[in-house]
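Trainee: Sharing a structure below in structure tokens format, with a few things to ask.
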Amino acid sequence: MEPILHEAIEASKVLCLDQLGNPGLVVGAAMARSKSSSGFKDKLGIVSLTSRIQGFGNWMEQLIAESTGKIGRGVLPVVLDGNSPELNNVADDVLIIGLVDDVTDHSFDVKVSGGLGAQLLLWEVATVVAAKLLGVNPFDQPDVESAKVASRAFLENKAPAQNPLFTDSGIEVSAKNLDLNAGSNLADAFKLLLATANDHSYFAIHAYLDRGRDDAFEKLRDLIAQVSSRPTTFGWGPRFLHSTGQYHKGGPAQGVFLQLIGSEDQELAVPGRDFGFMELMNSQAAGDANVLAAAGRPVVTLRFKDKTKALGLIQTILEAK
Numbered sequence: 001m002e003p004i005l006h007e008a009i010e011a012s013k014v015l016c017l018d019q020l021g022n023p024g025l026v027v028g029a030a031m032a033r034s035k036s037s038s039g040f041k042d043k044l045g046i047v048s049l050t051s052r053i054q055g056f057g058n059w060m061e062q063l064i065a066e067s068t069g070k071i072g073r074g075v076l077p078v079v080l081d082g083n084s085p086e087l088n089n090v091a092d093d094v095l096i097i098g099l100v101d102d103v104t105d106h107s108f109d110v111k112v113s114g115g116l117g118a119q120l121l122l123w124e125v126a127t128v129v130a131a132k133l134l135g136v137n138p139f140d141q142p143d144v145e146s147a148k149v150a151s152r153a154f155l156e157n158k159a160p161a162q163n164p165l166f167t168d169s170g171i172e173v174s175a176k177n178l179d180l181n182a183g184s185n186l187a188d189a190f191k192l193l194l195a196t197a198n199d200h201s202y203f204a205i206h207a208y209l210d211r212g213r214d215d216a217f218e219k220l221r222d223l224i225a226q227v228s229s230r231p232t233t234f235g236w237g238p239r240f241l242h243s244t245g246q247y248h249k250g251g252p253a254q255g256v257f258l259q260l261i262g263s264e265d266q267e268l269a270v271p272g273r274d275f276g277f278m279e280l281m282n283s284q285a286a287g288d289a290n291v292l293a294a295a296g297r298p299v300v301t302l303r304f305k306d307k308t309k310a311l312g313l314i315q316t317i318l319e320a321k
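Per the UniProt record's numbering, residue 1 is the first one in the sequence shown, and the count goes up by one each step.
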């Protein structure tokens, strides 16, 4: 811990200066006020190529999304790697930030180098600066509670989370704010979902699955980004509800959402409660879908038991686009 604290203390000496060279002010201004052809870049591609910090982009994602995404404003963080499709043809509304070892080696829009202690402090300051420029309170999370309320309503009423519009190859499909009907199929659902996007949209995949056993589903992020040419995020449910979930509901109305929900044959009871963990997870997913839909966001929900089969079918449909 001592080296991390030392880095943070040294960084604080620069970050507290009221001058143009303050990196917190520079990065915060870039996050909130980088020009695009139609206004400002409001999506942040985070590429971590540094060997000094592992997994830092995921921490940045939570910090930036929850702090800035409210009252219809915000900056969408999109965690990328060096091979992400978003880097092949950078969209006009995306600012690429590189976390690198050597700032002279790369051509990202913004390049940041430094140890963990320094970077933690830098991004906290930069995010507050960006929030100030956007006119939002970085310490408020007004839309996190809405999904909790909707989830509790499903649990209290013992109502089915969502009735599917149709079932295709063992995958139950339901949708909100999309013109799907009982005569549709899985390919139709993806066709409509992709067609909903415009030049300002982003896609968000919400995977209510086992993060340890079902990590193969993460490859869908690159596939959707490739076929849509739009920034795409991937979040494990329900944990994302307390981070990027704030941006999804409170930020700009640009999101197109895909829920992936794996069903288990055996329910595990929640101690001291009259419902199980699967029922709880389903209520959280359904509650979030309802709140997203009420905010005008399109949502497609897929439920399945055979995860390997479902992943294969989804990949086949996307690869054919």
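All C-beta atoms in this analysis are idealised placements derived from N, C-alpha and C, irrespective of residue type, glycine included. Note that the structure is predicted; figures quoted are calculated from it, not measured.
1. Give a yes or no on contact between the region 66-74 and the region 244-255, applying the rule of three or more CB pairs nearer than 8 Å.
2. Extract the residue ranges of the alpha helix (DSSP H) inside the region 70-132, only unbroken runs of 4 or more that lie entirely within it.
3. CA-CA distance, residue 322 and Ile205?
4. Tell me, please, whether the region 93-104 touches the region 261-277 by the rule of three or more beta-carbon pairs shorter than 8 Å.
5. How many angstroms separate the CA atom of Arg297 from the CA atom of Pro3?
6. Taking only the alpha-carbon atoms, compute the straight-line gap between Phe277 and Ala269 and give it to the nearest angstrom.
7. How would you call Thr127, buried or exposed, if buried means at least 16 neighbouring beta carbons within 10 angstroms?
8. Pull the bridge partners of Gln259 from the DSSP assignment, please.
9. Report yes or no: do three or more beta-carbon pairs, one from the region 297-311 and one from the region 172-180, lie closer than 8 Å?
10. If Gln162 sits next to Gly237, beta carbons under 8 Å apart, how far is it from one beta carbon to the other, in whole angstroms?
11. Roughly how many whole angstroms lie between the Cα atoms of Val125 and Leu17?
12. From the DSSP output, read off the bridge partner residues of Thr167.
13. Residues in its own chain within less than 6 Å of Glu7 by CB, not counting five upstream and five downstream?
14. Would the beta-carbon of Val14 fall within 8 Å of that of Ile46?
15. Return the bridge partner residues of Trp236 from the DSSP annotation.
16. Note down the Cα distance separating Leu155 from Gly272, rounded to an integer number of angstroms.
17. Classify Asp188 as buried or exposed, calling it buried when 16 or more other Cβ atoms lie within 10 Å of its own Cβ.
18. So, do the region 213-228 and the region 134-144 have three or more beta carbon pairs nearer to each other than 8 Å?
19. Under three-state DSSP, which class holds Ala295?
20. Between Gln315 and Leu220, what straight-line distance do the alpha-carbon atoms span, to the nearest angstrom?
21. Whose CA, out of Ser146, Met31 and Phe234, lies closest to the CA of Ser84?
22. Are the CB atoms of Gln246 and Glu61 within a distance shorter than 8 Å?
23. May I have the straight-line CA-CA distance separating Tyr208 from Lys307, to the nearest angstrom?
24. Indicate whether Ala195 and Arg230 have their beta-carbon atoms separated by less than 8 Å.
25. For Phe275, which residues of its own chain have a beta-carbon under 6 Å away from its beta-carbon, when the five flanking residues on both sides are left out?
26. Out of curiosity, what's the CA-to-CA distance linking Gln141 and Phe40?
Mentor: Looking at the atomic coordinates:
1. At 8 Å Cβ cutoff, the stretches touch.
2. Runs found: none.
3. A question about residue 322 goes unanswered here, because the residues of the chain that appear run from 1 up to 321.
4. No: the two stretches stay apart, fewer than three of their Cβ pairs being nearer than 8 Å.
5. Looking at the backbone, the Cα of Arg297 and that of Pro3 are separated by about 45 Å.
6. Rounded to whole angstroms, Phe277 to Ala269 spans 6 Å at the Cα level.
7. Around the Cβ of Thr127, a 10 Å sphere holds 16 or more other Cβ atoms; the residue is buried.
8. His206 and Thr301.
9. Because the criterion of three Cβ pairs below 8 Å is met, the region 297-311 and the region 172-180 touch.
10. About 14 Å separates the two Cβ atoms, so there is no contact after all.
11. If you take the alpha carbons of Val125 and Leu17, they lie about 12 Å apart.
12. Answer is Glu172.
13. Same-chain partners within the cutoff: Gly115, Gly117 and Ala118.
14. With contacts defined by Cβ atoms closer than 8 Å, Val14 and Ile46 do not form a contacting pair.
15. DSSP, once it has assigned bridges, lists Ala207 as partnering Trp236.
16. Going from the Cα of Leu155 to the Cα of Gly272 covers about 14 Å.
17. Asp188 is buried by the Cβ-count criterion.
18. In this structure the region 213-228 does not lie against the region 134-144, because fewer than three pairs of beta carbons, one per stretch, are closer than 8 Å.
19. DSSP places Ala295 in the coil class of the three-state scheme, outside both helix and strand.
20. Looking at the backbone, the Cα of Gln315 and that of Leu220 are separated by about 7 Å.
21. Considering only alpha carbons, the answer is Phe234.
22. No.
23. Cα-Cα distance, rounded: 12 Å.
24. No, they are not a contact pair.
25. Here Phe275 has Leu155 as same chain residues with Cβ atoms under 6 Å from its own Cβ, once five neighbours each way along the sequence are excluded.
26. For Gln141 and Phe40, the distance between alpha carbons rounds to 23 Å.
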